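Going left to right, the sequence shown walks through residues 4 to 101 as the numbering used here numbers them. Just so it is clear, CB atoms sit at the ideal spot from N, CA and C, and this is done for glycine as well. What you are looking at is a predicted structure, and each value in this text was computed from that prediction instead of being measured. All remarks here apply to the structure that follows.
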Amino acid sequence: MSQKELEEKIIQHYQGEEKMMILVFAQWCVNHDLDPEELYLRAYPSQSANPALKEAIELTVPKVEAGEVDNETLLGVLSLFGNDDLAFVVTEEIRKIK
């Protein structure tokens, strides 16, 4: 495998992991009757619509069918990807829920 192929494989892996993080976030929002796009825009007001988030929202299931997404799990995943602003907004919502 060439260096270029290895780099491409690493990038693809990261992008797949990032999509999973976005799906976890979107499902957590659905499970708590929150709008994932609204929370995302609160965290990143200068960004336009996020296509990966829209895709993830389409993959979510109704909360009655979904498994529990633990608050700490979501915050940990967001932290792994450096989404500190989004983690802050999620933390605010967790406080409201409690």
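When the Cα atoms are used, Tyr17 and Lys101 turn out to be separated by approximately 33 Å.
Looking from the CA of Trp31, the closest CA among Phe91, Val80, Leu81, Glu71 belongs to Glu71.
Nearest C-alpha to Arg45 among Arg98, Asp88, Ile97, Lys99: Asp88.
Taking a cut-off of 8 Å for Cβ pairs, the stretch 40-56 and the stretch 80-97 touch, as three or more such pairs fall below it. Counting along the chain, Gln15 sits inside the alpha helix (DSSP H) bounded by residues 6-34. 8 Å or more divides the Cβ of Ala55 from the Cβ of Pro39.
Linking Lys7 to Glu21 through their CA atoms gives a straight-line distance of about 21 Å. Taking Met23 as reference, the option from Leu81, Ala69, Val93, Ile97 with the minimal CA-CA separation is Leu81.
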